[in-house]
Structures are given as C-alpha cells and as structure tokens.
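Chains A and B, in that order, are what the protein sequence lines are. If you read the first sequence in my numbering, its first letter stands for residue 1, the second for the next number, and so on. If you read the second sequence in my numbering, its first letter stands for residue 141, the second for the next number, and so on. Think of the CB as a built atom: it goes at the ideal place given N, C-alpha and C, for glycine as much as any other residue.
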Amino acid sequence: MPFRFLPDVAIADIAFEAESDSVNGLFESSALAVSDIMVDLETLRSDTTKKVRISSEDLDRLLYDFLTEIIVVKDVDSLLFREIKVEVAADQKSLEATMKGEPIDRGRHLLRNDVKAVTMHMFGVRREVNTWKATVVLDI
Amino acid sequence: MPQIDSIKQISDVVWEIPTSYKSGMLVPARIYATKKLLDGMDAGVFEQVTNLACLPGIVRNAYAMADAHWGYGFPIGGVAAFDIESGVISPGGVGFDINCGMRLIRTNLRYPEVKSKVKELVDLMFRLVPAGVGVKGTLRISESQFDEVMKYGVKWCAENGLAWEDDPSHVEEGGFIKGADPSKVSRQARSRGIGQLGTLGSGNHYLEIQVVDPARFFDRGLAKHFGIVEEDQVVVMVHCGSRGFGHQVGSDYLRVFDSAMKRYGISVRDRELACAPFSSKEGKDYYGAMVCASNMAFTNRQVIVQKVREAFSQVFHREAEALDMHLIYDVCHNVAKVERHSYDRISADFLVHRKGATRSFGPGHQDIPAPYRAVGQPVIIGGSMETGSYLLVGTSKAMEDTFGSTAHGSGRTMSRTAARREVRGAELQRKMLERGIYVKSATMDGLAEEAGMAYKDISEVVETMDRAGISKKVVALRPVGNIKG
C-alpha cells in the first residue's frame, strides 16, 4: 500500500502517512487511504465514475479540500471509491480527479469507520528528495 | 504524565499548573484527577490544556476534566470560558462533532420483563435507527424545513409531531440554542446533513439499553426526581451528534479561521487551535453556523428517541406513553455557548467552550426544567459499551469552580489500531453476550475498536468528579443491549 497508518499519533482517531514519487500519486494514495478507512476496498467494484474539480490557495489546502470532498461525496451521494486518478495543475492550486467506485451496499461491502473530518493536526504535504509525503489525521 | 515540577495539588483531586509553566499562559491550568488518573494522562493533555490557557480573553482557568485525553487543539475533556468582548471562539474548542451529546430516556419496565426481549429490541432498533458509514435517515425534509431544524431544534420537532410535549424542556437550552444563522452554513454542509436526521453515525456513537444497577444505586432520593424509582429499571441511552452536517461546519470554519488569524494578529501554538475574536465577523459567522449544527444534533437525537419509543411499543404491544418513556434529559458535550456565570464577585456573560465536557448546573438554576430545579441538572456520563454509564447531578460547586462543567465519559487510552490487534469484533461480540450484553454493530472492525479495554476506568472518572463536588453520583447504569454505529 502507498500509505501506512500511524497508530500512536491520534488515540481516538486514525492517522496515516502517504507517499509517492509524484504529487498526483501522493493525492491518489492519500485518497485511497481515506477510502480504505471507510471500507475494505477489495469488496468494492468500479461501476460508477465521478469527476471533481477543486481549487485552493496552495498545495496543502488543495489536499485538505480534496480529501474533504471524498468524505462529502460519501455522505451526499453515498459513493465510495477504489480507483482514483488525480491531475494536479502546474501551479499546484487546482486539480481534476476521476474516481471510480460504487454506491454503498451494506449487504456486500465490508464497511469500517465513518470518517467525520480531515483535521489540521500535523497536516501537511512535503517533499523529501524525490519523494512526496503527506501526513493526515482523520477525525473518526 | 510528563515531569512537571511546578504542578501543585490544590485539593484531593484538583491540580494546578501555574502561568509560569509556559510563556504566554494568561491563566493557570486546572486538572481534575486522582493521582492514578493524573499519572495515566497522556502528555498531550498537559501540552494542550496549557495551550488553552494562552488563548486571548480566557478567564480564570483552563480546565481538563478527569476523562481528559489528547484532542485536536483543545484536549477532550477541556473547558475554557472567555470574556465576551475580548475573548476568542475556536472551532477546535468545540470539535468536529458539534453538539455530540447524551440522551437518556426511562421506561417503567424492569429487567426481568425485558431480558428475553433484548435481542428483538436491539434488532428492531438497528433497523429503525440507521448506523454506520454514509447512512441516511428515513425522515425526508425540505430545505426550508431544514432551516427550521437549524433554528428551532426540538421545538420544531414538537410542532411537527416528532416530540412529546415535555421533551423540549428536558433538553439542554430547552431544545434549541438561540442565535442560529443558517445563512452561515455552506452548501456542502447542508447537502451532507439534510438526509441524516435520525442516524446514529459511527465511531464511539451508540444506542444502548441499560439497567439500573442495584449495587450502585447511590442516591435513591435524587433518582426519584428523574423518574428512576426501582432497581433493575430499564432505561435507554443515546450517544451521537450532528453527523456530517456538524463535521462539515467544523471543517469549513477551521479553514476560515486558519486564514483569518493573521488578520487579527493572533498566533497559536497548534493549527487546530485556530481562533478569532468572538466579536469578529468570522467569530459571529462560526457561532451562527455552530448553533445551527447544535440544533440539528438535538433534532437528530430526538428523531432517534422517537424510533426507540416506536420499537419498545411494537415489542411490548403497549403505547410508549404507557411504558412511561419520558426523556430524563439531553446534554451537549461538544459546544460553545454564552452563559451567565459568577466568580470573584463578577457576574457576567461568558463564552464557555466545553469539548468532551458536560454542563453541570446546580440546584435552583433557571435553565433547569422545573421538575428538577430543586435538585440540579441531570448529568449523563457515557462509558464504554462494556463497562456501563452513570447518571449524576449538577452542583452549586460546579457553578462556583468550573463554570458549571464536569466530565463527559471515560476517554480512550488505546488507539483504534491497537484495539483491533488485541481483539476481533466477532470474538468480542460473543464474549459480551456471555456476560449478558447483546451487541449489534454496523462494522466488526469498528466494534473491536470500541472494546472496554481501550477506555479509561469510568468509575474512577466519576468518583473524581464526585469527590471534587462538581457533579454527584446518582446511579450507575449497566448495559444489556447495544447498537454500535
């Protein structure tokens, strides 16, 4: 998995660190981590496609807003995703994402935690040599 | 706990960290704990409660209750009161789950009558009260009705056949907090919330059938005021909040405040402590939206209680009224409110933040419903699904010492990942059944995460608050059936 959970960071909640060799990959990994916390991705199909466009002030907040959008779509459209492709614009202030998944099916999906929100605790995107990393703590 | 040389013991269960501990502290930090609880508190509590003490306009003390543990910005179990004019408001002081709270309803049934029906009741309530990831409720309302929910909470329910006559008065603030401003709520928050009334959510939220524990029936005289009159009497407890609606209001304004602080020349030690003057545009906007979410949470718990009444009525073939299923009380434990308090001969309105802390108003307070006014406000403290919960009562000492506040629950001590490593959901479910607790959960992983071992000893927490005199034990409630979201 391109992300790992950080069990000691947030006792009541769930923290993870995602990494990739590209910004697009980092956003995709982070989004998959959020999905994985809500559902066992193996039980999810890729029948439904949703596209989103997001603009923010900087790369940090772009990731915050993107992950928040995944949580919003889960509540508003009852959709969860297992395949996520992201194109972050060159100025790192906007993105387009194509997400494939399906509506929540309580009979078939192995559901886990309902994520409440992305927190600002330790939140951030950083570049370490050739690797992009993000630390994210989710409120459960 | 970390080594803090300057901490001093004020009384049996009250500790104080002076302003000299950290530069920028405007008031001392007070921690309510036995020595055992204090030693077991994570370093984050001490860091965060002293960070609170640095926020502009804080008055008297920053408080951490006996169930305190690390949170975002404020510790969970944190209380802070601010001057209305010079003080700040902080979304981190409320939490993402705005007006998460507890509700307790009574019945006139005793456990021997209910024992053989617990499974049927839990299974039926599990169908009637949707729980888990992304669930929607069965109540369909229009956008304009949702505006009314935001403004009038349980009062709206009463006007629309979703509440009994005496329900609104038995909810903190009479069922709705004044000052809601739906125009300050984002489109995203509205979209998340409108379909979620009557849903339990996930995480540590639950709906539980409980029994009055004869061995821990501390004050029968007081209990009688709340309609608890018998050993083994059956009650139902609800723990949930404002669902995705409140979560989105919290997320939206955390972003707003994160940017706004620079304009007001405020710097904080932790991004999650983002705040703005209560009197500023951002402060007022957040308050108006936060009150909307609080009133939605009251409504959410009300709709759930109507379903609980329906379930009992169906299973026992009697009207819920005949089962005496009145609301004992409903308390918020994640909220910021304007309240009048007095200390050091000052009597004024303060903005009181309670994050993982419960209001604990003492006898005689005008905000307590008439039937309880002589004895104090019921305080509902939820434990883990294995260990049980408590009903307490607010005190005059809480009014004097803690802006009328006490603890809210047991507080986690083990991470979710670690709990899942320790126990499997199915195994926990089986073991709990052996101990007479029937549990149904929307998620087996989530069930394992809520195992009793992941929480502090609630009895020690309740004992601390009782010894400190800021709430008094009335009765312990033992779980027999539980729905975990």
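Of the candidates S284/B, G384/B, S282/B, Q188/B, G384/B places its Cα closest to the Cα of D114/A. In this structure, DSSP gives D152/B a state outside helix and strand, which the three-state scheme calls coil.
Across the structure, E299/B and Q442/B are spaced so that their CA atoms are roughly 13 Å apart. Within the region 155-236 of chain B, the beta strand (DSSP E) runs of at least 3 residues that lie entirely inside it are, in chain order, 169-172, 198-209, 216-223.
K318/B counts as exposed, since fewer than 16 other C-beta atoms from the protein chains shown sit within 10 angstroms of its C-beta. Comparing C-alpha distances from A89/A to each of D60/A, G107/A, V72/A, S55/A shows the shortest one belongs to S55/A. Along the region 495-573 of chain B, the alpha helix (DSSP H) occurs as fully enclosed runs of 4 or more residues at 536-541, 556-562, listed in sequence order. Counting only Cβ-Cβ distances below 8 Å, A558/B has contacts in chain A at P7, in chain order.
When the Cα atoms are used, Y595/B and V492/B turn out to be separated by approximately 27 Å.
Under DSSP, N622/B takes part in a beta bridge, and its partners are E348/B, V579/B. Taking 9 Å as the CB threshold, Q388/B lines the interface with chain A. For S482/B, the enclosing beta strand (DSSP E) starts and ends at 474-483.
For the region 204-224 of chain B, residues whose beta-carbon sits nearer than 9 Å to a beta-carbon of chain A comprise H209, W210, G211, Y212, G213, I216. Secondary structure of R458/B (DSSP, three-state): coil. As for any beta strand (DSSP E) of minimum length 3 sitting wholly inside the region 314-364 of chain B, the runs are 346-352, ordered along the chain. Listed by position along chain B, the residues whose Cβ is nearer than 7 Å to that of V39/A are V273. Just so you know, the alpha carbons of A193/B and A608/B end up roughly 21 Å apart. A173/B and I157/B do not touch by the CB rule: their CB atoms are close to 12 Å apart, not below 8 Å.
Straight-line spacing of the CA atoms in L67/A and V273/B works out to 16 Å.
Contact between V234/B and F438/B does not hold, since the beta-carbon distance rounds to 15 Å and is not under 8 Å. Listed along chain A is no residue with a C-beta nearer than 8 Å to that of Q350/B; the closest approach is about 23 Å. The C-beta of A400/B comes no closer than 9 Å to any C-beta of chain A.
With respect to chain B, the C-beta atom of V86/A has no partner C-beta closer than 9 Å. A direct Cα-to-Cα measurement between I444/B and G341/B gives close to 11 Å. Within the DSSP secondary-structure output, V52/A pairs in a beta bridge with A97/A. Secondary structure of V275/B (DSSP, three-state): coil. Closest option to T49/A, judged by alpha-carbon separation, among K133/A, T98/A, M122/A: T98/A.
Interface criterion met: the Cβ of E57/A is under 9 Å from a Cβ in chain B.
D139/A: member of the beta strand (DSSP E) spanning 131-139, first to last residue.
Distance check between L110/A and each of K613/B, S581/B, Y469/B places S581/B closest, using alpha-carbon atoms only. Cβ-Cβ distances below 6 Å link G232/B to Y212, G213, F214, E412, L413 in the same chain, with the five nearest sequence neighbours on each side left out; the list follows chain order.
Here the region 375-389 of chain B lies against the region 318-330 of chain B, with 3 or more beta-carbon pairs under 8 Å apart. Taking a C-beta distance under 9 Å as the contact criterion, R61/A and R552/B do not qualify as a contact pair. K447/B sits buried, since 16 or more C-beta atoms from the chains shown fall within 10 Å of its C-beta.
Nearest neighbour of R409/B by Cα position, chosen from M120/A, S35/A, G107/A, F5/A, turns out to be M120/A.
Membership of R409/B in any beta strand (DSSP E) is not indicated, and neither H nor E is assigned to it by DSSP.
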